[in-house]
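Each number in the numbering used here comes from the position in the sequence shown (counting from 1) with 110 added on. For reference, the structure is listed below as C-alpha cells.
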Amino acid sequence: MSREKISPSEIKLKNRQMIYQYVRTNTSVSKQDIVVALQLSLPTVTQNLDYLKKQNLIDTSRKIKNTGGRNATAYTYIKEAKMAIGVYITAHHINAVAVDLSGNVTGIVKQQSQFALDDDEYLKKIGMVVKEVKRQAEISDENLLGVGIAVPGLVSDDGESVLYGMTLDFTGKTRAEIAEYIPYHNRLVHDSYAAGYAETWSDHRVKNGFYISLSNSVGGSIIINQSIYEGDTQKGGEIGHMVVVPKGGERCYCGRYGCFDTVCRASILDQYTDGNLEEFFVLLKAGDKTAEALWDEYLDNLAVAVHNMRILFDGVIIVGGYVGAYIGDYMDELCARVDAHNPFDDCAKDYLMQCRYKIEATAAGAAIFFIDNFLNSI
C-alpha cells in the first residue's frame with residue numbers, strides 16, 4: 111500500500127510551524143537550540159527565522175550570554191504581534207475582549223444592553239464595543255486577525271447563520287445582520303463551543319472530556335482528541351436539554367419540561383440576589399440559609415449531570431460558565447456528590463475540574479478561533 115507523498119511546500123510549512131512553536135514555548139532560544147531540538151538543518155532554521163522576523167512575529171534584539179566566544183542572538187516570541195477580538199452577546203450585555211497569540215485577555219469592555227437584533231441602535235452598540243476594545247488594546251488594523259461573535263444558539267459550520275436561537279428568539283439571523291457595524295473580518299460562534307474551545311486550547315492536558323457551561327442558559331462542548339465534536343447537525347454537547355425532571359419539571363425556553371437548563375442555569379442562584387451572581391456567593395459564604403438551600407439543591411442536580419457526562423465520555427469534566435467561575439471553593443463538595451452516584455472505583459477529584467478561564471471565557475474562545483487559524487497557517 112503506497113503512502114501519500116508530502117509535497118515540498120507542505121514540508122516547508124510544517125518546518126516553519128515547528129520552529130515558530132518552539133520559539134513560542136520557550137522563553138529565549140538560540141538558532142543552535144532550534145537546530146538541536148528539532149533536528150533540522152542550519153540553513154532551514156535560518157531561512158525560517160528570517161521569514162518570521164520579516165513578519166514581525168519574533169524579536170531578535172536580545173542576546174544569550176555565552177561563557178566563551180560571541181553572545182548568540184536570542185529569538186523570542188512576540189505575543190502581541192497579532193491579536194483577535196471576541197464578543198459575547200447575551201440577554202442583557204455585550205462583552206468584548208482582546209486576546210493575544212498566547213490566548214491572554216489584554217482588554218475587556220462591557221456594555222449593559224438589552225438584546226435587540228432588530229434595533230439598529232443595538233447593532234451600532236455591538237460595533238462600538240468592538241472598536242473600543244480594539245482601541246483599548248491598541249490593535250492596529252494590520253494586526254487584527256478577526257472578530258469572533260459568540261451567541262447563545264447553534265451556528266452553521268461556516269459561521270454565517272444562527273440555526274437555533276430559541277434562547278433569545280433569533281433563529282435565522284445572519285452574521286451579516288448581527289455584524290453590520292463591525293468593519294473587520296468576523297464570524298459567528300456558538301457560545302458553549304467557544305467556551306469549551308478556550309479551555310481545550312489553553313490546557314493540552316485535556317484530551318477527552320466534556321465542558322459544562324453554566325451561564326444564563328446551560329450548554330456544553332464535547333472534547334475528543336483535543337478537538338470540539340459538534341455532531342452531525344451542530345447539536346453535540348447540548349446538555350441543557352437533557353431531561354432531568356421527567357414529571358412536574360419547569361418549562362424550558364425550548365418549550366419542553368424538565369430540561370437540565372431549568373435546574374442549573376445561573377439564574378436559579380442569582381434570582382435571589384437580583385441577578386448579581388457574585389453577591390449570591392458572598393451570601394453563601396456568609397452562611398445565608400436561603401442561599402445555602404438553593405446551592406444544596408443546585409449541587410445535587412449538577413452532580414447528576416457530571417456523573418452522566420463521565421459515564422458517557424469517560425474523560426475530564428470541566429465546570430465552566432458564570433457559575434463555574436465561582437465554584438472553586440465547592441469542588442470537594444461537588445466531587446463527593448458525584449462519587450455517591452459512581453458505580454466504579456475512580457474518584458471525581460481525579461477527573462472533575464474548575465474552568466481555567468474564569469473571566470469572559472466565551473468571548474475569549476470566540477477570539478481564539480482566529481488565533482488558532484493563524485497559528486496553523488504560518
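Every residue, glycine too, gets a C-beta built ideally from N, C-alpha and C.
Contact set for residue 111: own chain, Cβ-Cβ below 6 Å, skip 5 residues either direction: The residue given as residue 111 occupies position 1 in the sequence shown. Residue placement at residue 111 cannot be trusted, given a pLDDT of 44 that sits under 50; the coordinates are not used to answer.
Apply the 10 Å Cβ neighbour rule to residue 379 and answer buried if 16 or more other Cβ atoms are within range, or exposed otherwise. The residue labelled residue 379 in the question sits at position 269 within the sequence shown. When all chains shown are included, residue 379 counts as buried.
Beta strand (DSSP E) containing residue 339: first to last residue? On the sequence shown, position 229 is the one that residue 339 refers to. It spans 337-339 - the beta strand (DSSP E) in which residue 339 sits, taken as one unbroken run.
Might you give, ordered along the chain, the residues of its own chain that have their beta carbon closer than 6 Å to the beta carbon of residue 283, omitting 5 neighbours on each side? Looking up residue 283 in the sequence shown gives position 173. So the list reads 227 and 272, once near-sequence residues are dropped.
Residues that DSSP places opposite residue 173 in a beta bridge: Position 63 of the sequence shown, counting from 1, holds the residue named residue 173. Residue 173 is bridged by DSSP to 183.
Taking only the alpha-carbon atoms, compute the straight-line gap between residue 154 and residue 318 and give it to the nearest angstrom. To locate residue 154, count along the sequence shown from 1; it is residue 44. To locate residue 318, count along the sequence shown from 1; it is residue 208. Rounded to whole angstroms, residue 154 to residue 318 spans 35 Å at the Cα level.
Keeping to the same chain, check which residues put their C-beta closer than 7 Å to that of residue 289; ignore five residues upstream and five downstream. Sequence index remark: in the sequence shown, residue 289 carries index 179 (1-based). So the qualifying residues of the chain are 259 and 296.
Which residues does DSSP list as the beta-bridge partners of residue 208? For this step, residue 208 is matched to residue 98 along the sequence shown. BP columns for residue 208 point to 195 and 217.
Taking 9 Å as the cut-off, decide whether the C-beta atoms of residue 76 and residue 182 are in contact. Nothing in the structure corresponds to residue 76, since the chain is present only between 111 and 488.
Give the secondary structure of residue 323 by DSSP, where H, G and I count as helix, E and B as strand, and everything else as coil. Residue 323 sits at position 213 when you count from the first residue of the sequence shown. Three-state result, residue 323: strand.
Burial state of residue 327 (16 or more Cβ within 10 Å): Here the question's residue 327 lines up with position 217 in the sequence shown. With 16 or more other Cβ atoms within 10 Å, it is buried.
Whole alpha helix (DSSP H) runs in the segment 260-333 with 4 or more residues, listed along the chain? Listed in chain order, they are 285-288 and 301-312.
Backbone CA spacing between residue 242 and residue 253 [nearest angstrom]: Locating residue 242 in the sequence shown gives position 132, counting from the first residue. Locating residue 253 in the sequence shown gives position 143, counting from the first residue. When the Cα atoms are used, residue 242 and residue 253 turn out to be separated by approximately 16 Å.
Proximity below 9 Å, CB of residue 201 to CB of residue 225: Taking the first residue of the sequence shown as position 1, residue 201 is located at position 91. Taking the first residue of the sequence shown as position 1, residue 225 is located at position 115. Against a cut-off of 9 Å, the Cβ pair of residue 225 and residue 201 comes out as a contact.
C-alpha gap between residue 338 and residue 345, whole angstroms: Along the sequence shown, read from residue 1 onward, the residue named residue 338 stands at position 228. Along the sequence shown, read from residue 1 onward, the residue named residue 345 stands at position 235. Residue 338 and residue 345 have their C-alpha atoms spaced approximately 12 Å apart.
Three-state secondary structure assigned by DSSP to residue 227: Taking the sequence shown and counting its residues from 1, one reaches residue 227 at position 117. Here residue 227 sits in coil by DSSP.
How is the alpha helix (DSSP H) around residue 142 delimited, first residue to last? In the sequence shown, the residue the question calls residue 142 occupies position 32. Looking at the DSSP string, the run of the alpha helix (DSSP H) that includes residue 142 is 141-148.
Grouping DSSP H, G and I as helix and E and B as strand, with all else coil, what is residue 112? Along the sequence shown, one-based indexing puts residue 112 at 2. For residue 112, the pLDDT reaches just 47, beneath the cut-off of 50, and the residue's location in the model is therefore unreliable, although a value from the coordinates is still provided. Coil, per DSSP.
Look at the Cβ atom of residue 208, then the Cβ atom of residue 195, and state whether they are nearer than 9 Å. For the purposes of this step, residue 208 is identified with residue 98 of the sequence shown, where counting begins at 1. For the purposes of this step, residue 195 is identified with residue 85 of the sequence shown, where counting begins at 1. For residue 208 and residue 195, yes; Cβs fall inside 9 Å.
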